[in-house]
Amino acid sequence: MAFDYQVIVEYLPFLLGGLLVTFKLAGLALAGGIFLGMLVGLGRISTINWIYYPVSAYVNFLRNIPLIIIIFWVYFILPIIVGKNLNPFVSSVIAFIIFEATYFGEIFRAGYQSISKDMVGSAYATGLTYWQVARYVTIPIAFRRMLPSLITQSIITFQDTSLAFVIGLHEFVTRANIVNNLEYRSIEIYSFVAVVFLVLCYIGSRISLHFETKYRRANVL
Amino acid sequence: MSDVMIDIKGLSKWFGDFKVLSNINETVKKGQTIVLCGPSGSGKSTLLRCINGLEPFQEGDVTVDGTSLRNSKTNLNTLRQKIGMVFQRFELYPHMTAMENITLAPRKVRNLSRQEANAKARELLERVGIPEKADDHPANLSGGQQQRVAIARALAMEPKAMLFDEPTSALDPEMIKEVLDVMIALAKDGMTMVCVTHEMGFAREVADEIIFMDQGAIVERGSYHEFFNNPQSDRAKDFLEHIL
């Protein structure tokens with residue numbers, strides 16, 4: 001059986017339509033997950049008990065459950081609670097945001113904690129205000145330290161979006177599966193899917209490596 | 001005009017239940033260089049941090065150049081512009097060049113133009129002996145050079161007093177002298193200085209007085225010769241035996 005490129009070419013618009021859904025889901029999951037993660041990170045270093053304990057419980061709870069279960073929960077259980085059916089896309093976005101926020105939250109926590117008390121003190125000692133210290137010292141340093149981890153976690157999130165397959169979201173992998181059911185060209189179709197993920201994620205990891213090397217050289221990490 | 005730069009009155013501080021500073025009463029006159037020494041954990045660094053408001057305290061007051069830290073109207077950011085501080089581990093901003101480290105506060109706090117701030121920074125780098133390092137990042141500087149940039153950064157705000165928190169303890173022996181030389185020149189120039197240090201050569205050369213602390217309290221205060229040749233307390237005698 002020869003490798004048949006034709007099947008890919010024929011269904012390319014359909015497959016790329018699925019990839020677009022994947023990008024949309026990943027984009028919203030990252031935007032929401034990173035934003036919520038910043039707050040989760042702050043909650044995890046909070047000295048206020050009623051912030052620290054609930055946030056820590058949330059992080060520990062979700063991080064110890066497989067993502068696929070979270071996707072099922074949000075899709076099947078959340079509608080019962082809110083009394084309204086959710087479509088697979090909205091449901092996936094919610095599941096990914098609350099799941100990824102726990103991982104991003106831990107990255108932010110580490111970033112905030114990596115800045116020593118004396119570093120902040122030395123900035124205050126020159127007369128800078130709280131917001132100036134944050135703007136020119138704390139945030140730029142924390143961001144540089146976190147950037148490689150943020151990119152890596154973003155790549156993982158991007159790959160994880162394929163799990164939305166289980167609730168029938170028409171993303172890239174789901175559509176590849178549909179094409180396969182029609183054409184029985186598993187090798188071609190799934191190899192194509194793998195190559196697309198490989199190329200996109202490899203580019204992402206090179207970008208991450210670039211920043212890591214750059215900041216390590218500058219001794220910021 | 002009072003000749004007192006730093007006036008500490010009845011200062012006490014607790015970390016939880018633990019009393020780290022106990023009824024401190026000291027004054028530092030304008031132009032004086034004071035060396036603060038004592039065993040580790042004696043509260044030296046904490047006292048230093050109370051002077052510029054980096055550490056809060058529960059009792060007493062500190063007045064710097066006539067401004068009280070206890071007064072709720074006192075703007076700590078404004079007060080800190082008058083007092084430079086140098087830390088044990090330099091604490092330069094790693095993402096900025098030496099020049100940017102020095103000019104950040106003058107530009108953002110004193111609103112100097114980039115040009116004015118850079119000119120001032122060059123002058124200061126010249127003064128601490130490393131004009132050629134202006135565009136280097138801290139990672140490319142030796143410990144001694146980093147500490148000299150840190151001193152220049154503090155001086156850039158034209159402070160009336162300088163606090164040094166063990167400025168040479170994180171340095172390799174061959175770099176200690178280059179930092180001490182800068183500090184000695186500063187003291188001889190008339191800067192008011194409070195230095196937490198065990199560099200007794202430095203103390204002998206420029207310290208007007210030595211304050212010895214133990215367990216959160218001032219045990220002795222006197223000139224270099226009084227302190228070294230005739231320590232009054234057993235704790236000071238014991239301490240001197242250990243460091244000499």
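From first to last, the protein sequence lines stand for chains A and B.
Take 1 as the starting number for the first sequence in our numbering and just add one per residue.
Take 1 as the starting number for the second sequence in our numbering and just add one per residue.
For every residue, glycine included, the Cβ atom is placed at its ideal position computed from N, Cα and C.
Chain B places no beta carbon closer than 9 Å to that of residue 48 of chain A, leaving this residue out of the contacts. The beta carbon of residue 115 of chain A sits closer than 7 Å to those of 138, 141 and 142, all from its chain and outside the five residues before and after it, given in chain order. For residue 19 of chain B, the enclosing beta strand (DSSP E) covers residues 18-29. At a cut-off of 9 Å between beta-carbon atoms, residue 197 of chain B makes no contact with chain A. Interface with chain B (9 Å Cβ-Cβ cutoff): residue 122 of chain A is included.
The beta carbon of residue 145 of chain B does not come within 9 Å of any beta carbon belonging to chain A, so the residue lies off that interface.
DSSP lists B/19 as the beta-bridge partner residues of residue 14 of chain B.
Against chain A, a Cβ distance below 8 Å from residue 157 of chain B picks out 126 and 127. Beta-bridge annotation (DSSP): residue 153 of chain B is not paired with any residue. Within the model, the alpha-carbon separation for residue 235 of chain B versus residue 229 of chain B is close to 14 Å. Cβ-Cβ distances below 7 Å link residue 204 of chain B to 224 in the same chain, with the five nearest sequence neighbours on each side left out; the list follows chain order. Pairwise C-beta distances place the stretch 144-156 of chain B in contact with the stretch 97-107 of chain B, as three or more of them are shorter than 8 Å. For residue 152 of chain A, the closest C-alpha among the options A/117, A/133, A/165 and A/107 is that of A/107. Counting along the chain, residue 192 of chain B sits inside the beta strand (DSSP E) bounded by residues 192-196. DSSP, read as helix, strand or coil, puts residue 19 of chain A in helix.
Residues of chain A whose Cβ lies closer than 9 Å to the Cβ of residue 87 of chain B are, in chain order, 118, 119, 121, 122 and 125. Membership of residue 147 of chain A in the alpha helix (DSSP H) is indicated by the continuous run 139-160. Counting every other CB atom within 10 Å of its CB across the protein chains shown gives residue 189 of chain B a total below 16, marking it as exposed. The beta carbon of residue 25 of chain A is closer than 8 Å to those of 89, 92, 93, 96, 161, 164, 169 and 171 in its chain, skipping five residues each way along the sequence.
Taking a 10 Å sphere around the C-beta of residue 138 of chain B, we find 16 or more other C-beta atoms and assign the residue as buried.
Taking 9 Å as the cut-off, the Cβ atoms of residue 52 of chain B and residue 80 of chain B count as close. Just so you know, the alpha carbons of residue 33 of chain B and residue 158 of chain B end up roughly 17 Å apart.
What residue 148 of chain A touches in chain B, judged by beta-carbon distance under 8 Å, is nothing: the nearest beta carbon there is about 15 Å away. When Cβ pairs closer than 8 Å are counted between the two stretches, the stretch 201-221 of chain B is seen not to touch the stretch 114-128 of chain B, the count staying below three.
The C-beta separation of residue 44 of chain A from residue 105 of chain A comes to about 6 Å, placing the pair in contact by the 8 Å criterion. As DSSP reads the structure, residue 67 of chain B sits in a beta bridge with B/64. In the DSSP assignment, residue 122 of chain B falls within the alpha helix (DSSP H) that extends over 114-127. With respect to residue 123 of chain A, residue 93 of chain B sits close: the two C-beta atoms are nearer than 9 Å. Of all alpha-carbon atoms in B/50, B/57 and B/143, the one lying nearest the alpha-carbon of residue 171 of chain B is that of B/143. In the structure shown, the three-state DSSP call for residue 119 of chain A is helix.
Residue 3 of chain A and residue 179 of chain A have their C-alpha atoms roughly 16 Å apart. In the structure shown, residue 177 of chain B adopts helical secondary structure according to DSSP, grouped into three states.
For residue 86 of chain B, no alpha helix (DSSP H) segment is defined; the enclosing uninterrupted segment is the beta strand (DSSP E) at 83-86. Looking at the DSSP output, residue 209 of chain B sits in a beta bridge with B/34. A buried status is given to residue 13 of chain B, since no fewer than 16 other beta-carbon atoms sit within 10 Å of its beta-carbon. When the five nearest sequence neighbours on each side are left out, the beta carbons in the same chain lying within less than 6 Å of the beta carbon of residue 76 of chain B are those of 53, in order along the chain.
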